[in-house]
Structures are given as structure tokens and as C-alpha cells.
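Take the sequence shown: its position 90, counted from the start at 1, is 110 in my numbering, and no numbers get skipped.
We put the CB at the ideal spot given by N, CA and C, even for glycine.
Working notes, structure below.
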Amino acid sequence: MITLLAPAGSLTLGASVSLDATEAHHLRVRRGEAGELLRLVDGLGRVGYGAVTLGTHGAYVTLEKVEDAPIPPRLVLAVGAGEKDRFGWLAEKATELGVTDLVPIECERTVSVASRVRDGAIERIQRRATEALKQCEGTWAPKIHGNTPLDHFLKEAPPGRRWVMDQAGVELPTYVGEDAVTCLIGPEGGFTEEELRAAEGAGFTRVALGRLVLRFETAAVAAAAWVGIARGRLANG
21 MITLLAPAGS
31 LTLGASVSLD
41 ATEAHHLRVR
51 RGEAGELLRL
61 VDGLGRVGYG
71 AVTLGTHGAY
81 VTLEKVEDAP
91 IPPRLVLAVG
101 AGEKDRFGWL
111 AEKATELGVT
121 DLVPIECERT
131 VSVASRVRDG
141 AIERIQRRAT
151 EALKQCEGTW
161 APKIHGNTPL
171 DHFLKEAPPG
181 RRWVMDQAGV
191 ELPTYVGEDA
201 VTCLIGPEGG
211 FTEEELRAAE
221 GAGFTRVALG
231 RLVLRFETAA
241 VAAAAWVGIA
251 RGRLANG
């Protein structure tokens, strides 16, 4: 079944949801036909099903069934805001791995990166994350937060398990259940020792992802995948 995106608030039983130009193009690429049953998602856990009508003025789906997916257990990736294209790639993978929040962190080793993530790119990265739902058939897209200074994030970090990635850290746990998890991942070159100590002071435990030095997006994907495995699943439903 083809999955397409719908605006938030549009998925109500019996509604006729118009497909925007991007989704209509995706339907054509997938060779969707008139009367075909489609699956619509809004990235906020609501799912609608209905037949598509193709007209001269566009395409729309009349919803015959609407469901609300369970809210996934919280998984926050707070990642040094490095090169924006690689961060955009990470946003797609975060969707596939059940991440609920993706936070670009400003720290000592990101300020000199000319191509770093900036606030003007957040909306585009959010769209990229939500688009990934069509491929992975998920229901929830991660919320892409604005750039956040590390000290601000540490003061307001979510409750639950808090890990900061560090080669000298302890092994990751093999089971986390439904606990909320926050993974703090440094930029290229990692966090400074002073930043790592500040994270520990905020209740973060240093944990290791292996012996090798990983790029920020690789480390973030590895951390999210580990949490998925430790929860007994790799998707957010």
C-alpha cells in the first residue's frame, strides 16, 4: 500500500484530503491509480486510509478509516550540529529508527564549521524527516528542534536514562525497556573534556559505542539502533 503525507489536523473520518504537488508527484511515480486504497500519515501518529480520486484539478483521498498509533517511548538524540547535509541524512535515519526528538547542539567544536546546521535549515530538515515515513511506513516523525547551546540543553535535559558518547565510557546496557533515553553525541572531534565533565555533572553517564572513532551521524545512528535493540524493537510503530 502506498503511504503519503497529509497536513496535521486533516485526517478525520469521512474527510476528503487533497494531495499537495509533492505527494501527487510521488503517487504518479509509484504508478498509483484512481480508486486505489492509500495510507496517509501526518507524522504525529494519526493514520488515515481511503481511496484516491484523480481529477483534472488534482488528487484527493476520501478517508474511510482513521487510527491513532501509540505514542512511542521517548528517544532523544542531541547531536553536535555539524555539516548540514549529513545532519539531514541523519534526520531520515532517525525517523526509521524510532527517534522522537533530534536536537542540533551548539558546542565548542561546531562554531567553526562553515556548513554547520543553522536555524534556517530546521524546517527543511523536518520535512526530510517526515518524508522518510513514506519509505519506512512509520507513523511518528521525530521533532527537529532548533539549534541549542550545550549548556542550555544540559539544564533542560529530559528525565530518564542519560548517556553521553565517549570512547572511554562504560558499555551500553543490553536492556532499557520503555524508559526514556537521551543520547548526547559530540561533533567532529567530539566534545571537549570540559564539556564531558559538564554532561556528567548534569547526570549523563559516559558510554562507549566501540573502539573506533565514528562520524557524528554514524554514532547517532548506532546509538539509536542500540536503543531499539535494547527495547526489543527497531521501529516506532
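- By the C-beta density criterion, Glu237 is buried, having at least 16 other C-beta atoms within 10 angstroms.
- Cβ-Cβ separation between Ile125 and Gly100: approximately 5 Å, consistent with a contact (criterion under 8 Å).
- Assignment of beta-bridge partners to Ile125 by DSSP yields Gly100 and Thr168.
- Pairwise C-beta distances place the segment 34 to 42 in contact with the segment 73 to 87, as three or more of them are shorter than 8 Å.
- From the listed residues Leu110, Ala54 and Lys175, the smallest Cα separation to Glu151 is found for Leu110.
- Straight-line measurement puts the Cα of His46 at about 11 Å from the Cα of Gln155.
- By the neighbour-count criterion, in which 16 or more other beta carbons inside 10 Å mark a residue as buried, Gly34 falls on the exposed side.
- Beta-bridge partners of Ala71 (DSSP): Leu57 and Thr82.
- Beta bridge pairing from DSSP links Val37 with Val81.
- The residue among Ala71, Val241, Leu64 and Glu43 with its C-alpha nearest the C-alpha of Ala54 is Ala71.
- Where Ile205 is concerned, the enclosing beta strand (DSSP E) starts and stops at Val201 to Ile205.
- Collapsing the DSSP output to three states places Asp105 in a helix.
- Separation of the CB atoms of Ala243 and Leu232 is rounded to 14 Å, and the pair is thereby denied contact status at 8 Å.
- DSSP, read as helix, strand or coil, puts Leu25 in strand.
- Glu220 and Gly68 have their C-alpha atoms spaced approximately 44 Å apart.
- When the five nearest sequence neighbours on each side are left out, the beta carbons in the same chain lying within less than 8 Å of the beta carbon of Glu116 are those of Ala152, Gln155, Cys156, Gly158 and Ala255, in order along the chain.
- Within the same chain, Arg94, Asp199, Ala200, Val201 and Thr202 come within 8 Å of Gly180 by CB-CB distance, once the 5 residues on both sides are set aside.
- Assignment of Asp186 by DSSP, reduced to helix, strand and coil, places it in the strand class.
- Here the segment 207 to 226 makes contact with the segment 172 to 186; the two share three or more CB pairs at distances below 8 Å.
- Secondary structure at Leu95: strand, using DSSP grouped into helix, strand and coil.
- An exposed status is given to Arg138, since fewer than 16 other beta-carbon atoms sit within 10 Å of its beta-carbon.
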